Structures are given as C-alpha cells and as structure tokens.
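Take a look at the structure below.
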Amino acid sequence: MDVAMTSTTDPVCPSCGGHVSTTDRFCEACGAELKPGELAPAAPALDTDTEPTVEIHALPPAGPCTSCGGTVGADGYCETCGTKAAKPRDHFSEQPAPWVAGVCDRGIRHTRNEDAMAIAADPEPGSRALLVVCDGVSSSLDSDVASLAGARAARDVLTAGHAQGIGTESSRSGAIVARLNAAADAASDAVLENTSPDSPNPASCTFVAVVLEDGLLVAGNVGDSRAYWFPDASEAVALTVDDSWAAELIATGISRAEAESGPHAHAITRWLGKDAPDHTPRTTTLRVTEPGWVMVCSDGLWNYCSEAAPLADLTRQTAAAHGGDPLATASALVDWANAQGGQDNITVTLARV
Amino acid sequence: MADFTAAVYQNEFLPDGGTDVHAIVTVDCTGAGAAGQTGTGDAGEIIIVDTSGSMGREGVQAAAFAAQTALDQILDGVWFAVISGNDRAQLAFPPSAEPVMVKMDQYTRQAAKDAVSRFYADGGTAMGTWLRLAARVFATVPSLSQKHAILLTDGENQHETPEALTQAIQAATGQFQCDARGVGVAWQVDEVRRIAQALLGTVDIIPAPNQLAAEFSKLIQNAMSRGVAQADLRVWAPQGAEVLFVRQVAPTVEDLTSRRTSINPLTGSYPTGSWGDESRDYHVSIRLAAKGIGQEQLAARVQLTIGDNVVAQGLVKALWSNDEALTTRISPEVAHYTGQTELAEAIQDGLAAKAAGDTATATTKLGRAVQLAAQTGNEEATTRLRKVVDIDDQDTGTVRLKRTVEKADEMALDTASTKTTRVKK
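Protein sequence lines correspond, in order, to chains F and Z. Position one of the first sequence corresponds to residue 1 (the numbering used here), numbered consecutively onward. Position one of the second sequence corresponds to residue 1001 (the numbering used here), numbered consecutively onward.
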C-alpha cells in the first residue's frame, strides 16, 4: 500500500481520488464539483481509488477541448466545434517515467470504458517498471469500477514489494512471482469490495501484470489480457497464454485465426470476481538481454493483431514514427485499434527497455 | 416570473458520411403574468381601424363597435391609442395633432370610446401610412418594452404603391408586433399576411362585420396575457457548420431563417416577440462536416433568451453510427412538421395557381395538400380544403377543383394555411 497516501488526512475528490483541500469547490485534477460533507478522508488508497466511475459528474472535465482547443461549455460540449468532451474514465493516460506509459480508451462501439490500467516505474530507464491491465467483463455490473480498483490495488502491492529472496536469479524470480500472486489477491479483493453482496451479476475482470526489475521480466495473467516482449533484433515473445475458450481450442491444434474468430472466441475460462473459482496468475519469467518493448494490453488491441510477430512489427513501426516515445506510441496504437473498428475498450501499456 | 423550458425531439444518429441534423425544439412558457405588470417595462397597444369609403356606414359602425369592445379589454395602466386609416392615417385618440399615447383608466377609456363612435367612412386605402404613424406613436413613450397593434382592413392597398407598403413594413419591423385582420372578401390575403408575418403577428379573415367585436376582444385578451415583453431564439452551431433553416412550426409555420442577427460568428438570434403561457415548436436544421463512426458532437444549442439571459436551452446532437436500425429511424416530430410545412406551401401555391387560372398546377398542389393534411392528421385543414376541392382519394391526393367556391372559404383556407397541429403523443 502506498505509504504516502495513508499518511495524509487530506480529503480526496470522490470522482478521481485526487487530493483536494476542504475549501476547494472543484477538483484541481478532474474538475468535478466537490460537495462539502462528501469529501472522504484519504485513508486506504484502495477505497479512494475505487470511486472514480460510480457517478458521471455533469460538470465538464477541466481543460480545453481535445479536438480544437476551444472552451468546453457547462453542457459538456466544446463551445467552438461542438465536440463532446470525453469523460475522464473514457480516456486516460499515465506516464510514471519517460520510458513507461499507457493509454486506456473506451473505443468506439462501447458506451463505457471497462478497461483499466495502473502503472508505475522508477526514473532510471530500464530499471523497474510495473504494468497492470484489467479488462472488466461487460456482462457484469459495475465492471468499470471493479477493474480500475483491481488494477490499482495490484499496482500498489507490486510497488510496495521489494523482496529479493536470497539474491540469486531464481530466488529473485520466485520472489517476484510471489508478489504477483499477492497482487492478484489484492486485485481480487478490490473487485469483491466493489460487488454488492446481493448482486445478481457480480463484477468481474481479467488480470495481467508485468514486473520488470533488474533485467528480469515476470508476467502473470488470469483471463485474456496479454503481455508481450518485443526485442528490437530478436523474435517477439508472447509472455502469456489466454485463459479462454479460444486458447483451449488452439491447444487442441486448431489455428489461432480460426479459434479467435469462432462464436465463443471471447469467452474466458478464468477471471477475478465473486464467482471466480481460482485467480492464481499463470506466470512466465524471462531474462532481458537486449533493447526492446514490453507491452501489456487488452483484447481491444490484440483483436486486430493477435500473433506476436506482426504485433511486434506494428509496435516497432509505430514507435519509429513517434520518435520512440512510449506515450505517443501507446496513443497511436490505440488510435490504430479505433481505426480498425474500435469494437472493444482498448488499453496499451509500454515500457521501453 | 415566467418559467421557460425547452425539450428537443430528434434522431441524433447519422449514418456514415451523414451531414444534416434535424430537430424539433419545443419551448414552453408558464407564469408569464400580464402585459406591463411584470416590472420589466410598460405595455402599449394601438388599435388601427380601416375607415376607407369601401367600409360603408354599416362597416364603420361595426368596426367602431369592435374597437370599443377591444378598448374594454385593455388593462388599466397600459398605454394606448387609436388610429383611423384610409389613404392616410389619423390619430383618432388621443385627439392630438402630434403623435401621443395615454395610459388606460376609466376616463381615457370612455373618451376613446366616444372618439371611436365618431368614425365615418371616406377615402381610399394606404396601409403603409397607418404602420408608419403607429411606429411614431409608439416611439413617443420610451418606457414601452412591449408594443402591440391590431390592424383591421377591408380592401386592397390601392392608394399607395406595393413598394411604398414594403418600405413601410420594413420600417415597422422590430418596432412593434401586429395582428392583422381582413373583413369581408375584397382584401388581399398576400398583402395583409406580409404585414402580419414581418411584425410577428397573425393573419385571419373575418367574413362578416358582426364577427368583428368578438375577434378584436380575443386579440386584445391574448395581447394582455403576454407578460413576457420580448424574447429571442438563439441558435449556436459549431464552427464550420451551416444553419440550413430555423422555422417556427407551431402554432403556425413561420420561416425565421432570414431574420437572423449575429450575436457572434457561431450564434444567431431570431426575434420571437412577446410570450404568454404557451408552447411553441421550432424546427432547426444544421449541416455538419461528417465525422467518424462512433463520434458524437453537438450540432446546435437552441436557447430562448430574454435580453442577454438564457432562460431555456435545448441541445441538438449528432452521433455517427453504422447501426442501420438507429440511423434509419425517423423522428415522428420532425416528420410531422416537415409535412405540415409542405402542407402550408402546397395550399398557398395551389391557391396562387388557381387564381392565375393554372388549373393543372392548382389541382396537383391542392391534391398534395389534401394528402399531407390526411397524413399529418390536420383535420381542420382537411375541412377547409373540402370547401375548395372535391376529394376523390385523400391517400393518393386525387382531387377536382370545385366549380363554384365561396370567396371567403378560399381566403380562409389561405390565411389558415400556416396553422399547424401538434404531434399526437
């Protein structure tokens, strides 16, 4: 858990969880209206982080129109070009260090963004990065709330942990796997906390997390969100195997293209949530020996490019076109998925090693 | 204080590449109060009566009686005057060589009624001069925020050129509102409608002089119940968009498009005159640059404003979709008023063709009108059309022009052509 957050008693914005003062009328971060009496003290980070999407506030997000730079009116539309201002939950990006970034987007067809991400990184390029992506299951209630709460809870567990075992590579790898298991537990707890006990359709989501630490890359997943390693000069590696109906078909020898276009292609066999039988992530460890890209993404991206090799090519080309900047590259990959149809929520997180 | 609300009816879904957005905006006003009594300025009322020779002794007597009835309906405290018009305009009350108005009270009411009783029929008809005098009379009372006139005529505007009337109408536009009535069948609907439309009023036929008093009484009561002196419709459209048209479509069809004054490059203002407790519908059409599937944008902000205060706002939206079930849906409100607008045009075009002796065009147009009236459930229009054409099949619009038609029935069809029915909910 984030020590800095638990040590403060300042209230937080009920909309985005950002710190605010008791005298503020609007949140500095997201522009939401603050009502006295509703400000929660920023005690456990988990609780505050789970609030964001409960209620869409009528007030427009702070800042100019993303389309033309005009002023956004009180009715939520640009006063110059009429573009609808995005809700903060519909599209957000994070860049904890210049070499690590992620973009999470509603896509085109869905009315809510049930994808979530939470990422952290140390400033030194290639040193330590934590990438978590959760994809809320559409058929369940409040999956957008649950997925964000789960992703942030997992990130906080991973950020806090520094266990190295006895220092050998295998014991360091084992320690990171243990942290991933704990992160999945925390994510699962956060999802459960956001599920009403009598909900007929409890919130659930996928889970994928990558820990990059001192040249070791450990990935763990539950469901069909994925992690990849795209070394610049070697073959691309899929770090995860989906817990899905399609993956089970592939295991029996059916081609990926055929399995992933079948009627149950998106049915997942494992997930986080109240009715999940097991949420222990399946992990893979890899030693990083050359420069490349770590990608953690949701099916909103890989639906349009599932194989590791072409996805690596797409990523390299996109990165080259954007000067190797992780945020611009992730954003361009989200745009690309939207251009392919944007049938699902899209999350792309990248670390440049 | 008056309370305004706005509601928008539209199908916001556009197909890929779609650019044109249509919406009906219903504006409701409640708690309007009475004219001149809401603390927002005084109300003024001028009664303009035709006293040309063609009115005759009986006609002028009926008009005088109607004017007296109207005077009884003007609230105490309202500024008023009476103008008698023939080929020039005279101030019949207050008795003054210079333009002037007085406040209504029991003494001025009686004095005005006495003055009106001395009307006599003489001279020709030059309605432009009546309008110009009315504007000058209103201008003598700077505290007036609400200016309304009723104008009665019985004949063609023979003693002034059409250009002179046009100029007088232009000069009066924005100065005051005017409801215009024609008595008998010797007046020109087009002429009087031009006056009423420009001056944000209504036009109608009063077939017989003995119906004048009831109509005048109703008109003044209406005017007195309009506590909101002046409101404007404001339409914002995004940069690069084109406002195709702005129309009032209920209670009557009035094209407001050309009445735009610019508030800023993206916002236009259209005068709507005074408001009582009532509901009006507006049809707004905007052409946008097409956006990608899944994108949403605002097509228009439609606001009612009093001065610079926005008292109601409706948002017209556009959302591009590749779901045909959504994009092919037609808003019943938009369809209804599109039909009603075409109905008004078909009636006016049909009657104009009939007057010009073009039987074929008249039959086609009036047939289309019959069809539209049936489709949009405008039974009043159907009833009026029935007096001008024999209907063989209203579904296909097959009609025959009646061999003999009462002139008054034809004029009633014409004056009422812009009246619309509301959408059946």
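Don't be surprised by glycine CBs; every beta carbon is placed ideally from N, CA and C. A quick note: this is a predicted structure, and the numbers were derived from the prediction, not measured.
Nearest to residue i by alpha carbon, out of the options?
| i | options | result |
| --- | --- | --- |
| Z:LYS1139 | Z:GLN1348, Z:VAL1027, Z:GLU1045 | Looking at the sequence shown, residue 1139 of chain Z is not Lys but Ala. Z:ALA1139 has its Cα closest to that of Z:GLU1045, out of Z:GLN1348, Z:VAL1027, Z:GLU1045. |
| F:ALA312 | F:LEU350, F:LEU327, F:THR280 | F:LEU350 |
| F:ASP224 | F:GLY273, F:ALA265, F:ASP185 | F:ALA265 |
| Z:GLU1410 | Z:ALA1035, Z:LEU1366, Z:GLY1033, Z:PHE1216 | Z:LEU1366 |
| F:ALA129 | F:LEU272, F:ASP299, F:GLU258, F:VAL210 | F:VAL210 |
| F:PRO88 | F:GLY273, F:ARG106, F:GLY73 | F:ARG106 |
| F:SER204 | F:GLN95, F:GLU258, F:LEU158, F:LEU148 | F:LEU148 |
| F:PRO98 | F:ALA332, F:PRO326, F:GLY342, F:THR111 | F:PRO326 |
| Z:ASP1390 | Z:THR1376, Z:ALA1412, Z:THR1364 | Z:THR1364 |
| Z:GLN1371 | Z:ALA1362, Z:ASP1395, Z:ALA1356 | Z:ASP1395 |
| F:ALA154 | F:ARG172, F:THR240, F:THR252, F:ILE176 | F:ILE176 |
| F:CYS305 | F:ALA160, F:VAL208, F:GLN340, F:THR280 | F:GLN340 |
| Z:ALA1237 | Z:ALA1229, Z:VAL1246, Z:ASP1281, Z:ALA1231 | Z:VAL1246 |
| Z:PRO1142 | Z:ILE1195, Z:TRP1079, Z:LEU1151, Z:LEU1133 | Z:TRP1079 |
| Z:LEU1200 | Z:ALA1213, Z:LEU1219, Z:GLN1177, Z:ARG1181 | Z:GLN1177 |
Where does residue i fall in DSSP's three states?
| i | result |
| --- | --- |
| Z:LEU1151 | strand |
| F:GLU258 | helix |
| F:ILE250 | helix |
| Z:ASN1222 | helix |
| Z:TYR1107 | helix |
| Z:TYR1282 | strand |
| Z:ASN1210 | helix |
| F:ASN303 | coil |
| Z:ALA1006 | strand |
| Z:PHE1216 | helix |
| F:ASN338 | helix |
| Z:HIS1022 | strand |
| F:LEU327 | helix |
| Z:THR1038 | coil |
| Z:GLU1012 | coil |
| Z:MET1411 | helix |
| Z:ASP1392 | strand |
| Z:PHE1093 | strand |
What is the rounded straight-line gap between the Cα of residue i and the Cα of residue j?
| i | j | result |
| --- | --- | --- |
| Z:ASP1122 | Z:ASN1086 | 7 Å |
| Z:ALA1381 | Z:LEU1343 | 9 Å |
| Z:ARG1422 | Z:ARG1384 | 18 Å |
| F:ALA120 | F:LEU192 | 24 Å |
| Z:ALA1064 | Z:TYR1120 | 9 Å |
| F:LEU314 | F:PHE230 | 10 Å |
| Z:PRO1094 | Z:ASN1309 | 37 Å |
| F:GLY126 | Z:GLY1268 | 57 Å |
| F:GLU439 | F:ALA247 | For residue 439 of chain F there is no data in the structure shown, the boundaries of chain F being 1 and 353. |
| Z:ASN1264 | Z:TRP1187 | 42 Å |
| F:LEU239 | F:CYS68 | 40 Å |
| Z:ASP1277 | Z:ALA1112 | 30 Å |
| Z:THR1376 | Z:ALA1115 | 48 Å |
| F:THR347 | Z:ALA1299 | 30 Å |
| F:ASP232 | F:ARG352 | 10 Å |
| F:THR280 | F:THR269 | 13 Å |
| Z:ILE1330 | F:ASP275 | 43 Å |
| F:ILE108 | F:HIS162 | 39 Å |
| Z:PHE1013 | Z:ALA1196 | 38 Å |
| Z:ALA1223 | Z:ASP1204 | 16 Å |
| F:ARG256 | Z:ASP1323 | 29 Å |
| F:GLY220 | F:SER173 | 12 Å |
| Z:GLY1053 | Z:TRP1130 | 16 Å |
Is residue j closer than 8 Å to residue i when the C-beta atoms are compared?
| i | j | result |
| --- | --- | --- |
| F:GLY150 | F:GLU114 | no |
| F:TRP293 | F:ALA319 | yes |
| F:ALA187 | F:CYS134 | yes |
| Z:SER1084 | Z:THR1040 | no |
| Z:ALA1408 | Z:PRO1207 | yes |
| Z:HIS1022 | Z:GLN1010 | yes |
| Z:THR1202 | Z:ASP1179 | yes |
| Z:ARG1280 | Z:GLN1230 | no |
| Z:THR1019 | Z:LEU1288 | yes |
| Z:TRP1320 | Z:GLY1294 | yes |
Between residue i and the ligand PLP, is the CB less than 7 Å from at least one heavy atom?
| i | result |
| --- | --- |
| F:SER331 | With respect to the ligand PLP, the structure offers nothing, as it holds no ligand at all. |
Could you work out which residues of chain A lie near residue i, taking near to mean beta carbons separated by less than 7 Å?
| i | result |
| --- | --- |
| Z:GLY1294 | Checking the listed chains, one finds no chain A in this structure; the protein chains it contains are F and Z. |
request  = Would you mind listing the alpha helix (DSSP H) stretches within the stretch 1145 to 1197 of chain Z that are 4+ residues and don't spill past its ends, in chain order?
outcome  = Entirely contained in the stretch 1145 to 1197 of chain Z, the alpha helix (DSSP H) runs reaching 4 residues are, in chain order, 1162 to 1172.
query = Can you give, in chain order, each stretch of the beta strand (DSSP E) that sits fully within the stretch 88 to 137 of chain F and has at least 3 residues?
reply = The qualifying runs are 91 to 97, 100 to 105, 115 to 121, 128 to 135.
query = What residue ranges within the stretch 139 to 222 of chain F form continuous beta strand (DSSP E) runs of no fewer than 3 residues, ordered along the chain?
reply = Runs of the beta strand (DSSP E) inside the stretch 139 to 222 of chain F: 207 to 213, 216 to 222.
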